[in-house]
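First the structure, in the form of structure tokens, and then the observations on it.
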Amino acid sequence: MTKLDPRRHAFRDDLAAESLRGVVDAGRYVQGERRQVAASTLPLRRKPRDDANLDTEALHGETVMVFHEADGWAWVQLDHDGYVGYVPSEGLGSMGAPATHRIAALRTYVFPEPDAKAPPQGMLSLNARVSVTEEGGRYVPLETGGFVYASHIVPVGHQAPDFVAVAEGFLGAPYLWGGRTSVGLDCSGLVQLAAGAAGHVLPRDADMQEAEAGEPLDIAGGAGLQRGDLIFWEGHVGIMTSADEFLHANAYHMAVEREPFEEARRRIKDAGFEVTSARRLAAKL
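In my numbering, each number is its position in the sequence shown, counted from 1, plus 1146.
See the structure below:
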């Protein structure tokens, strides 16, 4: 049988997605049921346990395919990037109205009424998806209930003009392995979120991004770096903010930090890691 990456293909010894019938061996195959993330964010873990590794997070309004549920956990595949893992079942809801907008601020509160003084009932993060039932006011009502500040949302399909500027908005956000919000995120989560806001659909992990994002740059052959180029090490990625400055979420600072690229390169080399490649995303039309 073909060897597949379990991060992006739903298969276990006992169960697999129906689409993988004949590709992997499993006890049974299921079509799955599409559900929607109802929680503000939902941790996706490697195993169905609260103390298991956090691989990534699903954001409010994103959709998933559920293949199995047991003991409060759902084994799912995220629709937006194909990542597979276990999420708490309580954070999933049935499919609602299609998303009309996405959150464009780093985070925004959901209020029970259109009043900033009202005690908020939740918080949504950048790129979370919502369905707005009426537009035109300072606050807009959501199909799921509550109101968000109108200036913090943009229509689905709206592309930020500069993904680097989106990433720079995360400066100082704490580092969290597997995180995908401004409350905490990792290197590839930062790249995926910022690029996604600008219309670039990227995979989740650094090795996937190194293999698939944009086009390779021959920096060893003298290709110059520019704002927006992605720089890779084994298991790490960051974004050039200029020809010589670099932004990344990292465990050295335990935060999103901007620093001179050569300084970061020397420090990471001293830790035993050389730059492996650089890639440039295509300009969005």
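Positions of the beta carbon are idealized from the N, C-alpha and C atoms, including for glycine. Quantities reported herein were computed from a predicted structural model and do not represent experimental measurements.
Item                                                                                                                                                                      : Value
In the stretch 1187 to 1221, which residue ranges form an unbroken alpha helix (DSSP H) of at least 4 residues, counting only runs that do not cross its ends?            : none
One question on the structure: do VAL1383 and SER1334 come within less than 9 Å of each other, judged by their Cβ atoms?                                                  : yes
Does the stretch 1152 to 1161 come close enough to the stretch 1223 to 1243 that 3 or more CB-CB pairs lie under 8 Å?                                                     : yes
Where in the stretch 1254 to 1285 do unbroken runs of the beta strand (DSSP E), each at least 3 residues long, occur, reported from the N-terminal end onward?            : 1268 to 1271
By Cβ distance, which residues of its chain are closer than 6 Å to GLY1239, with the 5 residues on each side in sequence left out?                                        : GLN1182, ALA1184
If we ignore side chains and look at the alpha-carbon of each, how far apart do VAL1170 and VAL1286 end up?                                                               : 47 Å
Would DSSP call LYS1149 helix, strand or coil?                                                                                                                            : coil
Evaluate GLU1356 with the Cβ neighbour count: other Cβ atoms within 10 Å of its Cβ, from every protein chain shown; 16 or more gives buried, anything less gives exposed. : buried
Quick one: what's got a C-beta closer than 8 Å to VAL1302's C-beta in the same chain, skipping five residues either side?                                                 : ALA1245, THR1246, HIS1247, ARG1248, ARG1275
For LEU1322, I'd like the list of residues in its chain whose CB is within less than 7 Å of its CB, leaving aside the five on either flank, ordered along the chain.      : GLY1330, LEU1331, ASP1332
Would you report the Cα separation of GLN1372 and VAL1278, rounded to the nearest angstrom?                                                                               : 38 Å
Look up HIS1394 in the DSSP assignment and give the residues it is bridged to.                                                                                            : GLU1403
Which residue marks the beginning of the beta strand (DSSP E) containing ALA1424, and which one marks its end?                                                            : 1423 to 1426
Indicate the three-state DSSP secondary structure (helix, strand or coil) for VAL1310 in the structure shown.                                                             : helix
Between the alpha carbons of ALA1417 and GLU1380, how many angstroms are there, rounded?                                                                                  : 12 Å
Would you mind reading off the limits of the beta strand (DSSP E) that contains ALA1162?                                                                                  : 1161 to 1163
Is there a Cβ from chain D that is less than 9 Å from the Cβ of TYR1229?                                                                                                  : You won't find chain D in this structure, because it holds only one protein chain.
For ARG1248, name the three-state secondary structure that DSSP assigns.                                                                                                  : strand
Taking 8 Å as the limit between beta carbons, can you name the residues of its chain near ARG1404, skipping five residues before and five after?                          : GLU1314, LEU1317, THR1387, GLU1391, PHE1392, LEU1393
With DSSP collapsed to three states, give me the class of VAL1294.                                                                                                        : strand
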